[in-house]
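Chemist:
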Amino acid sequence: VLNKLFHMVQITEDLVRRRAEHNECQISTLEELSLHQQDIEKIEHLDKWCRDLKILYLQSNLIGKIENVGRLKKLEYLNLALNNIERVENLEGCESLAKLDLTVNFIGDILSLASLTGLVNLRELYLTGNPCAQFESYRDFVICTLPQLKYLDGEEISRSERIKAEQNYPFIYERTRQAQADWARQREVERQEAAERQREREKLKAAGAGLDEQFMQEKVPYTPESRIETHEFMQEKRRRENPEPEKPAPKQHPLFFPDGRPYNINEAKLDFTLTDDEENNAYILDVAVFKHMDTSLIDCDVQPQYIRVTVKGRLLQLALPGEVRTDESSAVRSATTGHLLVTMPKAHGEPLRKSAASAAVAKPAAAVPPTTKTESQPRHAYLEVDESSRRGVVDLRVVPPEADKVSGGKNGGGFAGRSTTKAAVERPNSPGFVDDPDVPPLI
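Its first residue numbered 1, the sequence shown is counted upward by one per residue in the UniProt record's numbering.
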């Protein structure tokens, strides 16, 4: 088992989105994806994220097994050239697959091609550069095994070639099966040799011996293990020559003075306004948070002497002019502008609006003395009629009791100084009339 000396690239959602710029970075509707030369070791997630894929490029990686592509029902072209694949498998679900490129891999299990017989749309297959391509009667075996093929390794399959291969198929199959058995024994020896080389390198590395020159001079067969070893060596050498710069530690700003007073800090570089609302006896803080920022990235902490707002890990701390009531403070966010509004009632004092309202209500109550109306103090209302009544216009007025004295009595004839008005004759009250002071006057 080879020890992994480097971190191979995994297929992540971020990687797929960066490769989906032509589709506005939307991966659910992606039809073509290129992930070549990414040092990918395993195919994963694509059958769940990109169900509509039609073209998939995965050449020049370190993929050792075909997997997690069976759900790609619309996949038409799959390129897995220059990888570490040793057998053809897990493609039975790709029912739309028309072209499969497996150039320069390590496929020696040629009998595994039988798993492609159910792909009726498969027309082109490339196996150039694989160990199986060196088998005797390789082409005839593939033609007989996959009758739906039209092209093999870029060459068109003629009708006469297919008929000839089918006639000799029993002999071809037996010879191919024997060649594959020989290859399997050879691969087992190669795996053992690779494991032995790996153990020797670990010993030399522990002893502090230089490995660069020895590795470059060593002759090894071209196998999946040697390909991974070469990649590990190049990665390690590149890391030694170009070490990653150490990230500076984040600066730790003090939050309080030595005497305990809070600092005013604005790491987030946000605009804000702190207002003293005397009418409501409160401090109001308006922070200009970005409109489209998620509210889960904002944290607000109100303390009696200061307020602390954290936006995406960056701090905004302000010392308050006076003490506030933290349990009655509130924070809301505008759905229009995105601003954060924090209201902090003061711990001392009363709102001016409440005091003014109380005084306005209390003043008339103290100025007006209570009065009691009895039946001995009747209120009289008079109906005045002037000359305009002849023209169909009636002027209705309420005559106060004082006007009765000025006009010369109960039936004195209206307001003094007006000669055009005539006093209305009051109808006498009925014998059982009672003047109820709770009944409003007639106006």
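In this text, a Cβ means the ideal position worked out from N, Cα and C, and glycines have one as well.
Are the CB atoms of V287 and L340 nearer to each other than 7 Å?
Modeler: Yes, these two residues count as a Cβ contact at 7 Å.
Chemist: For L58, which residues in the same chain have their Cβ closer than 6 Å to its Cβ, ignoring the five residues on either side in sequence?
Modeler: Contacts found: L35 and L80.
Chemist: Taking just the CA atoms, how far does E246 sit from residue 447?
Modeler: Residue 447 lies beyond the stretch modelled for the chain, which goes from 1 to 443, so this question has no answer here.
Chemist: Tell me, which residues are paired with Q317 by DSSP?
Modeler: In DSSP, Q317 forms a bridge with I265 and R308.
Chemist: Using 8 Å as the threshold, is the region 319–333 in touch with the region 278–295, meaning 3 or more CB pairs across them?
Modeler: Touching, yes, given that three or more Cβ pairs across the two stretches are closer than 8 Å.
Chemist: Beta-carbon within less than 6 Å of V394's beta-carbon, same chain only, minus the 5 sequence neighbours each way: which residues are those?
Modeler: Note that V394 has pLDDT 45, beneath the 50 cutoff, so the model's placement of it is unreliable and no number is given.
Chemist: Between which two residues does the beta strand (DSSP E) carrying D101 extend?
Modeler: That run of the beta strand (DSSP E) goes K99 to D101.
Chemist: Taking just the CA atoms, how far does E44 sit from T117?
Modeler: One C-alpha to the other measures close to 24 Å.
Chemist: Can you tell me where the beta strand (DSSP E) with I298 in it begins and where it stops?
Modeler: I298 to V302 is the extent of the beta strand (DSSP E) around I298.
Chemist: May I ask you to list the residues that DSSP assigns as paired with P345?
Modeler: DSSP lists A282 as partners of P345.
Chemist: Can N68 and A98 be called in contact, C-beta distance under 7 Å?
Modeler: Not in contact: N68 and A98 (Cβ atoms no closer than 7 Å).
Chemist: Tell me which same chain residues have a C-beta within less than 6 Å of the C-beta of N105, skipping the five on either side of it?
Modeler: Taken in chain order, the residues that qualify are N83, I85 and N130.
Chemist: How many whole angstroms separate the CB atoms of T103 and Y126, which I take to be in contact at a CB cut-off of 8 Å?
Modeler: Right, their Cβ atoms sit about 5 Å apart.
Chemist: Taking 7 Å as the cut-off, decide whether the C-beta atoms of D39 and V16 are in contact.
Modeler: Going by C-beta atoms, D39 is not nearer than 7 Å to V16.
Chemist: For I55, report the span of its alpha helix (DSSP H) as first-last.
Modeler: Not the alpha helix (DSSP H): I55 falls in the beta strand (DSSP E), residues I55 to Y57.
Chemist: Residue ranges of each alpha helix (DSSP H) run of no fewer than 4 residues wholly in the region 195–228, ordered along the chain?
Modeler: Entirely contained in the region 195–228, the alpha helix (DSSP H) runs reaching 4 residues are, in chain order, 212–217.
Chemist: Going straight from the alpha carbon of E279 to that of Q317, what length do you get?
Modeler: Between E279 and Q317, the C-alpha separation is close to 25 Å.
Chemist: How should T223 be labelled, buried or exposed, when 16 other C-beta atoms within 10 angstroms of its C-beta is the threshold for buried?
Modeler: When all chains shown are included, T223 counts as buried.
Chemist: Taking the alpha carbon of E136 as the point to measure from, which residue in S158, R177 and R261 has its own alpha carbon closest?
Modeler: Here the closest residue by C-alpha is R177.
Chemist: Count the other CB atoms, across all protein chains shown, that sit within 10 Å of the CB of N264; report buried if there are 16 or more and exposed otherwise.
Modeler: Classification for N264: exposed.
Chemist: With DSSP as the reference, identify every bridge partner of V9, one or two as the case may be.
Modeler: DSSP lists I40 as partners of V9.
Chemist: Under a Cβ-count criterion, where at least 16 other Cβ atoms within 10 Å of its own Cβ denotes burial, should C94 be classed as buried or exposed?
Modeler: By the 10 Å Cβ count, C94 comes out buried.
Chemist: CA-CA distance, R18 and Q26?
Modeler: Using only the alpha carbons, I get a separation of about 10 Å.
Chemist: Considering only the alpha carbon of each residue, which of A206, L111 and R201 lies closest to E174?
Modeler: Nearest C-alpha to E174: L111.
Chemist: Would you list the one or two residues that DSSP bridges to Y77?
Modeler: For Y77, which the question treats as bridged, DSSP gives the partners I55 and K99.
Chemist: Quick one: Cα of L146 to Cα of R139, how far?
Modeler: Going from the Cα of L146 to the Cα of R139 covers about 11 Å.
Chemist: Going by C-alpha distance, which of T275, S96 and H231 is nearest I63?
Modeler: Minimum Cα distance to I63 is reached at H231.
Chemist: Let me check one thing: in DSSP terms, what residues is D277 bridge-paired to?
Modeler: DSSP output for D277 lists A282 as bridge partner(s).
Chemist: Can you round the beta-carbon distance between I143 and A179 to whole angstroms, since I take them to be within the 8 Å contact cut?
Modeler: Wrong, their Cβ atoms sit about 16 Å apart, outside the cutoff.
Chemist: Quick one: what's got a C-beta closer than 6 Å to N23's C-beta in the same chain, skipping five residues either side?
Modeler: Hits under 6 Å: L30.
Chemist: Check this for me: beta carbons of L56 and V88, under 7 Å apart or not?
Modeler: Cβ atoms of L56 and V88: not closer than 7 Å.
Chemist: Where G154 and K74 are concerned, what is the direct C-alpha to C-alpha distance, given to the nearest angstrom?
Modeler: So the two alpha carbons sit approximately 23 Å from each other.
Chemist: Could you please give me the residues that DSSP links to E32 through a beta bridge?
Modeler: DSSP lists I55 as partners of E32.
Chemist: Out of curiosity, what's the CA-to-CA distance linking V220 and I298?
Modeler: Each residue's Cα considered, the two are about 58 Å apart.
Chemist: Based on Cα-Cα distance, which residue from R325, T337 and V342 lies nearest to A331?
Modeler: The shortest Cα separation from A331 among R325, T337 and V342 belongs to V342.
Chemist: In this structure, what does DSSP give as the bridge partners for S330?
Modeler: In DSSP, S330 forms a bridge with T343.
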